[in-house]
Amino acid sequence: MIKQMGQLKQVQNQIQNAAGKTTQFNAALPMKLEVMEKLQGIRYMIKVGNIAMETKSIKDLEVGGKYWAMMGKNTSGSITLSNLIKQPKLLKDDNIPLKLSNEAMQQFLQGENPFEVMRGFLTERLGNAESKWEFAFLSHMLMSLKHKVLTLPLHYDDEKKNGFMQLRKKKIANQNALEFYSVFANLGATWGVLYNLDSGIRLDIYVMYESVARILKNNLSELEFITQAHINVDSKITPLYDFSDSLLDLEG
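First residue of the sequence shown? That's 1 in UniProt numbering, and the numbers climb one at a time after it.
Laid out in structure tokens, this is it:
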């Protein structure tokens, strides 16, 4: 179990590292956007990074909602959006009060029972929460443990890459496996299962976009411990445990 967690962390890092090598894929990666205002008809005002722009979407969008989308231009030069997917509540706020560096992550994963180590850490930290938002965030992490899901905020030097990883122990056909979900603001979400088979390590992984799938296919071979890899695309990936609005509303 602990070894599988460490291996899965290597998979997540490989995805992020490969995403920075822009020469390794042809299609653009998904963009993160926020809907600022609904205009007339199917027109919306959106914000991409620090830039506000007007665009059209046949799909109804939620004002204030955050989405991933593929962006392009039509023949008239107007910006178009495709494959819009709403982000989970996990990414509602960029100001995450708890971020785990690679070093801190290794400390959690090296313990005998990472679930209990995290429970003790969160319980102690909750008593010293400095804001309603921090209290709500830590409470959600504790709640995920009650659902047998370990939620880990991931922190990188480039904050645009920050995200979350969730883990849950699973038994499939009498095989011990580790089910996982990860989400990054710059890549979308992934879901999958890591199996420790007699023949080696098998990775079944689903991603939201074809371009991210290509990144994986071109780079997973660098992880020598994986003997089998099955990569698929699914736009309906959901968290193992998502934050609820009732607690998130404490942020204000």
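Don't be surprised by glycine CBs; every beta carbon is placed ideally from N, CA and C. In this text, all values refer to a predicted model and were calculated from it rather than measured experimentally.
query, result
"Once the 5 residues before and after residue 284 are set aside, which same chain residues still bring their CB inside 6 Å of it?", "A query on residue 284 cannot be resolved here, the shown segment of the chain reaching from 1 to 252 and no further."
"On the premise that GLU179 lies in contact with LEU240, defined as a C-beta separation below 8 Å, what is that separation, rounded to the nearest angstrom?", "7 Å"
"Could you give the distance in angstroms between the alpha-carbon of TYR44 and the alpha-carbon of LYS56?", "6 Å"
"Taking the straight line between their C-alpha atoms, what separation do you get for residue 258 and MET118?", "The question about residue 258 has no answer, for the chain in this structure spans 1 to 252."
"I'd like to check one pair, TYR209 with ASN232: are the Cβ atoms closer than 7 Å?", "no"
"What's the gap between the Cα of ASN13 and the Cα of ILE237?", "20 Å"
"Can you check which of these residues, LEU39, ALA52, VAL48, is closest to ILE58 by C-alpha distance?", "LEU39"
"Taking all protein chains shown into account, do 16 or more other C-beta atoms lie within 10 angstroms of the C-beta of ILE42, making it buried, or fewer, making it exposed?", "exposed"
"Can you name, in chain order, every residue of its own chain whose Cβ lies under 6 Å from the Cβ of LEU142, other than the five neighbours on each side?", "LEU122"
"Determine the burial state of GLN110: buried for a count of at least 16 other Cβ atoms within 10 Å of its Cβ, exposed for fewer.", "exposed"
"How long is the line joining the alpha carbons of SER101 and THR75, rounded to whole angstroms?", "44 Å"
"Once you ignore the five residues that flank MET5 on each side, which residues in its own chain have a CB closer than 8 Å to its CB?", "LEU109, PRO114, LEU167, LEU178"
"Any contact of the stretch 196-204 with the stretch 218-232, i.e. 3+ C-beta pairs under 8 Å?", "yes"
"Less than 7 Å separating the beta-carbons of GLY65 and VAL35?", "yes"
"Considering only residues of the same chain and omitting the five flanking positions on each side of TRP191, which have a CB-CB separation below 6 Å?", "TYR181, TYR206, ILE237"
"Closest by CA to PHE135, which one among HIS155, LEU98, ASN218?", "LEU98"
"Determine the burial state of SER144: buried for a count of at least 16 other Cβ atoms within 10 Å of its Cβ, exposed for fewer.", "buried"
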